[in-house]
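Residue numbers (my numbering): 751 to 1159.
In this text, a Cβ means the ideal position worked out from N, Cα and C, and glycines have one as well.
Structure, as C-alpha cells:
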Ligand code: 3PG
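This is the structure:
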C-alpha cells in the first residue's frame, strides 16, 4: 500500500482545495511566451479537471522560473493555456496570498478554477525547511485557513523542501494528486522490484548524475545492466583506460568531468559485466560520419555518436529486457549525421514489450523528434526530481505527504 493518501481518500465537493502543481515551462527569453504546455496539460487533464468535476473550488499554486532569470514570469499565460486545454474559463489573480488572492479564493464557486500568481514572488518560498518550519511562513499562514485540503501534484518540484511544497502538509489534510501518484507508481516499476532483466540506458552530458544513479541501482541490485552513451559513455571509456584524443579529452577537462573518472573506475571494477561502454564511436570528417572501434582510439576529431557495433550490442541486451529506464541521448541527435545511435537505441526501446520509462529534457525532445513518444510506457514530467529519485534520494515533497498520511491513519 502506498504510504501517502490520494484523491480517492478525500471528499472534495464544496471544499476549497489548494493544489500545488509544477507548471514550470520553457519560456522564450525575448517574447516571454511559454514554449511548451506539456506540464500544464498533464496537471490540467488529470488532477485539476477531476477536482473541478467533483465540485471542488480549485486554487492552483505554482512556480515559473527562478527570480532574476528571464523565465521568471507571472502565471497569467499559464492560466490562459490551462483554460484552453480544459475548454473552460480559468480565473487568474496577480497576487499569491495577499488581499486580492484571498478575496478571489473566497469568491470561488464549486467547480471553478483559480490560478494564483508565481509563488516564487514570495521571497521566502525557495528557502529549504521542514513542514513544521514552513507552516509558520506568511504564505501558509495566509492561505491554509482558507483551504480545506492540500493536494501536492508537483512531483517535478518534490525534490525542493520549499514552503509551498511541504508547508501546507503540516496543517491541512494532504494528499497526492494524480500526476504525483502516476509518477511515483511508474517509478516504483523501475526502482522497487523491477521486472528483470532491468536495463538503465544512460546518455547525455550529465555524467555526475549518471555515476550516482549507476551506483545506486547496481548496489541495490535494481539494474542488471547499464548501457552508456553520449558524453557519459565517453567518461566511462576514459575510466576503462581509453585515451579519446585531444578534442574529446579537452572537453571532458573543461566540463570538469575528468574528476569523475576515479569513481567510475571503482564502479566498473565492481560491476565489470553489467556496465557496458561503447565498442565503437562516430566522428565527423569533412561533414561526413566516420566510425572506428574504440581500440583504434585516440582520434583527433570530436566524437559525436556511438557506432554500429555498439548499437548491435545494446540492442541485444534491450531485446531481453523487461524493464528499461532511458535518460539522455546517445549522441548529437540534432545533427542528421549523428542521430543514428540515439534513433536506433530509442527505436529498440520503443518497440520493446518491456515497461519503459523515459525522462529528461533532451531525451523527451529526441523521442518527440523521432516520433517515438507514444511508444514509451511512461514519460516523466520531471527533470531534477526524477534524477534525485533514481539516485535513491527521498524527495521532501513525497516525505511530507507520507508524514501527513501517517498522522491521519
Ligand atoms: C523543474 O523544472 O525541474 C522544477 O520545476 C524545479 O525547478 P527549480 O529547479 O527551479 O527548483
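Does residue i pass the burial test, meaning 16 or more other C-beta atoms within 10 Å, or should it be called exposed?
i: residue 1035; result: exposed
i: residue 1019; result: exposed
i: residue 875; result: buried
i: residue 1167; result: Residue numbering for the chain in the displayed model covers 751 to 1159; residue 1167 lies beyond these limits and cannot be assessed.
i: residue 789; result: buried
i: residue 764; result: exposed
i: residue 1085; result: exposed
i: residue 827; result: buried
i: residue 1159; result: exposed
i: residue 1022; result: exposed
i: residue 1000; result: exposed
i: residue 873; result: exposed
i: residue 895; result: exposed
i: residue 910; result: buried
i: residue 1062; result: exposed
i: residue 871; result: buried
i: residue 752; result: exposed
i: residue 779; result: exposed
i: residue 969; result: exposed
i: residue 962; result: buried
i: residue 979; result: buried
With respect to 6 Å, is the separation between the Cβ of residue i and the closest non-hydrogen atom of the ligand 3PG below this value?
i: residue 902; result: no
i: residue 1147; result: no
i: residue 851; result: no
i: residue 816; result: yes
i: residue 1133; result: yes
i: residue 1160; result: No statement about residue 1160 is possible, as the shown extent of the chain runs from 751 to 1159 and does not include it.
i: residue 774; result: yes
i: residue 870; result: no
i: residue 906; result: yes
i: residue 910; result: yes
Rank the options by C-alpha distance to the C-alpha of residue i and give the top, closest one.
i: residue 1055; options: 1077, 1072, 1028 and 1047; result: 1028
i: residue 1082; options: 1067, 1061, 1032 and 1109; result: 1032
i: residue 929; options: 943, 911, 904 and 947; result: 904
i: residue 838; options: 821, 863, 859 and 817; result: 863
i: residue 1103; options: 1079, 1138 and 1074; result: 1074
i: residue 889; options: 906, 915 and 907; result: 915
i: residue 819; options: 1025, 857, 811 and 777; result: 777
i: residue 1132; options: 779, 793 and 752; result: 793
i: residue 787; options: 817, 836 and 925; result: 836
i: residue 958; options: 1138, 945, 1096 and 990; result: 1138
i: residue 1078; options: 991, 976, 993 and 1038; result: 976
i: residue 951; options: 1076, 1112 and 1048; result: 1076
i: residue 707; options: 943, 791 and 759; result: As shown, the chain starts at 751 and ends at 1159. That puts residue 707 outside it, with no answer to give.
Hey, is the stretch 794-807 in contact with the stretch 935-945, meaning 3+ C-beta pairs nearer than 8 Å?
-> no
Taking only runs of the beta strand (DSSP E) that begin and end inside the stretch 998-1055, which ones reach a length of at least 3 residues, in chain order?
-> The DSSP assignment places complete beta strand (DSSP E) segments of no fewer than 3 residues inside the stretch 998-1055 at 1030-1035 and 1038-1043, in order along the chain.
Does the stretch 1116-1129 come within contact of the stretch 1143-1155, defined as at least 3 CB pairs closer than 8 Å?
-> Counting C-beta pairs with one atom in each stretch, the stretch 1116-1129 and the stretch 1143-1155 have fewer than three that are closer than 8 Å, which means they do not touch.
Given 8 Å as the limit, is there contact between the stretch 843-858 and the stretch 769-783, that is, 3 or more CB pairs closer than that?
-> The stretch 843-858 vs the stretch 769-783: no contact.
Please determine if the stretch 1084-1094 and the stretch 1051-1068 are in contact, where contact requires at least 3 C-beta pairs separated by less than 8 Å.
-> yes
Is the stretch 1063-1074 in contact with the stretch 1036-1043, if contact means three or more CB pairs nearer than 8 Å?
-> By the Cβ test, the stretch 1063-1074 is not in contact with the stretch 1036-1043, since fewer than three Cβ pairs between them sit closer than 8 Å.
Counting only runs that start and end within the stretch 785-809, where is the alpha helix (DSSP H) found for 4 or more residues in a row?
-> 788-793 and 799-803
Considering only residues of the stretch 798-862, which uninterrupted beta strand (DSSP E) runs meet the minimum length of 3 residues and lie entirely inside it, listed in chain order?
-> 807-811
Counting Cβ pairs closer than 8 Å, one from the stretch 765-772 and one from the stretch 884-904, do we hit at least three?
-> yes
Beta strand (DSSP E) runs wholly inside the stretch 945-1008, at least 3 long, in chain order = 948-952 and 975-978
At least 3 beta-carbon pairs within less than 8 Å: the stretch 1004-1019 vs the stretch 977-987 | Yes: the two stretches touch, three or more of their Cβ pairs being nearer than 8 Å.
What are the start and end residues of each continuous alpha helix (DSSP H) run of 4 or more residues lying completely inside the stretch 869-954, in chain order?
-> 881-884, 888-893, 913-916 and 928-941
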